Amino acid sequence: MFKALVMKQDTATGTATAAIETLTMDDLPDGDVTVSVDYSTVNYKDGLCLSAKGGGLVRNYPHVPGIDFAGTVEASSDARYAPGDKVVLTGWRVGEAHWGGYAQKARVKADWLVPLPEGLDPRQAMAVGTAGFTAMLAVMALEDQGLKPGNGPVLVTGAAGGVGSVATAILAHLGYEVAAVTGRPETADYLSSLGATQIVARGDINAVVKRPLESETWAGCIDAVGGEMLARVLGQMKYGASVAAVGLAGGAALPTTVIPFLLRGVNLLGIDSVMQPYDNRLRAWQRIATDLPMHKLEAMVQPATLAELPQLGAEILSGQIKGRVVVDLN
Ligand code: NDP
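Residue 1 is where the sequence shown starts when you use UniProt numbering, and the numbers rise one by one after that.
Written out as structure tokens, the structure reads:
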């Protein structure tokens, strides 16, 4: 018997609501590996999955959300994993199409798991979660395009959110000058403590400008916001610089022109964490263990329980969560 946050749909209204239930191992879906879940977290996508309509991501109810989890292997029919192994899971539509981490037990495909790297425990892995993993993928993509600490300031948008907080801490640790864009001026001290050297007000960079090119300012950008902010940032990039497009917290539309690409050789790099191949996942988790200072990660963490998840889901959708939430399943 174990506890889970189960979402059930009212078939008359199509509205789903969450409640904590006691389930048995037979309730779990098929899979090669059964994991005793220690911690999970709250990402923007979790907010969507926890919402009344499932954000268009959840297809079948009853459903256990939670797109990330970390824990200990309890049983495995796959040779790569044995009982006692510490593992982390992000992506693969777990928590959306497949039951996820908002339960004390999970059963998944072995292919979806990554062994926890040396130096990270399950709680820290969930303080990182999909948001932090994606931030690392974005840093790696910018480096692959030639970004180096001496090139100039790197802009991080949605900086006080999950992706933005981890991106800021990693970049600062690697020696980059980080300019953090936030719509919450009260987070300035927090962002400085993570290593940001410049705080940019959201309003300064969100307003639409008529000019496709402005002065060359940023050597790189990790963008969690999309929309008009991304369009504006493209015109402010230095010659040949790259923007890693991670999110759409500010909108999915991209009202821009091709001018930054044609006249400044700007690169727009797409970052997907969900279907990321195994080797790159492993590389990203190993880089997180070495390049993300754990005391800065701790400063981002807000602890939570299963019962608090519906409220936290609503808060992340309205941009009110600072840093990262860690859900303790025990
Ligand atoms: P958070 O809600 O934690 O962070 C988003 C931040 O964006 C907010 O904290 C806020 O930062 C800023 N923001 C919110 N609304 C607006 C707005 N209307 N205009 C401008 N800025 C805004 O979410 P996550 O960090 O978990 O995720 C960020 C984005 O990245 C989401 O869109 C998510 O779906 C996406 N994502 C994509 C992944 C991928 O694989 N590509 C993986 C993970 C996330 P502040 O208050 O500092 O301004």
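Every residue, glycine too, gets a C-beta built ideally from N, C-alpha and C. Every value quoted in this text rests on a predicted model; they were computed, and no experiment measured them.
Assignment of Arg107 by DSSP, reduced to helix, strand and coil, places it in the strand class. Each residue's CA atom was taken as its position, placing Pro149 and Lys322 some 26 Å apart.
Distance from the CA atom of Leu329 to the CA atom of His295, rounded to whole angstroms, is 23 Å. Here the alpha carbons of Arg107 and Asp30 stand approximately 7 Å from one another. At least one heavy atom of the ligand NDP lies closer than 7 Å to the C-beta of Tyr44. At the C-beta level, Leu292 and Val42 stay beyond 8 Å of one another. Under the DSSP definition of a beta bridge, Val35 partners with Val73 and Ala106. Gly101 is a Cβ neighbour of Phe69, given a cutoff of 8 Å. Distance check between Gln302 and each of Leu282, Val154, Arg123 and Gln276 places Arg123 closest, using alpha-carbon atoms only. Taking C-beta atoms as the reference points, Ala196 and Thr157 fail to come closer than 8 Å. By the Cβ criterion, the stretch 52-63 is not in contact with the stretch 123-139, since fewer than three pairs of Cβ atoms, one from each stretch, lie closer than 8 Å. Between the alpha carbons of Val266 and His98 lies a distance of about 38 Å. DSSP places Gly132 in the helix class (H, G or I) of the three-state scheme. For Val42, there is no enclosing alpha helix (DSSP H), as DSSP marks it with neither H nor E. Residue pairing by DSSP leaves Gly175 without any beta bridge partner.
A direct Cα-Cα distance of roughly 42 Å separates Val326 from Arg211. DSSP links Leu5 through a beta bridge to Ile20. In this structure, the CA atom of Pro83 is about 15 Å from the CA atom of Lys109.
Of the heavy atoms belonging to the ligand NDP, none sits nearer than 7 Å to the Cβ of Ser193.
Within the same chain, and ignoring the five residues on either side of Gly250 in sequence, the residues whose Cβ sits closer than 6 Å to its Cβ are Val225, Gly226, Gly227 and Met229. Distance check between Ala103 and each of Leu142, Glu216, Gly313 and Leu5 places Leu5 closest, using alpha-carbon atoms only. Around the beta carbon of Gly313, 16 or more other beta carbons sit within 10 angstroms, so the residue counts as buried. Each of Gln198, Leu113 and Arg59 was checked against the Cα of Gln276, and the nearest Cα belongs to Leu113. Counting C-beta atoms within 10 angstroms of its own C-beta, Val258 has fewer than 16 neighbours from the protein chains shown and is therefore classed as exposed. The alpha helix (DSSP H) runs of length 4 or more contained entirely in the stretch 196-222 are, from start to end of the chain, 202-206.
In the displayed model, Asp279 falls within a helix according to three-state DSSP.
Around the beta carbon of Asp26, fewer than 16 other beta carbons lie within 10 angstroms, which makes this residue exposed. Here Arg264 really is in contact with Met237; their C-beta atoms are around 6 Å apart, less than 8 Å.
Going by DSSP, Leu230 is part of the alpha helix (DSSP H) stretching over Gly227 to Leu234.
The stretch 149-175 is shown to contain whole alpha helix (DSSP H) runs of 4 or more residues at 162-173, in chain order. Around the CB of Glu96, 16 or more other CB atoms lie within 10 Å, so the residue is classed as buried.
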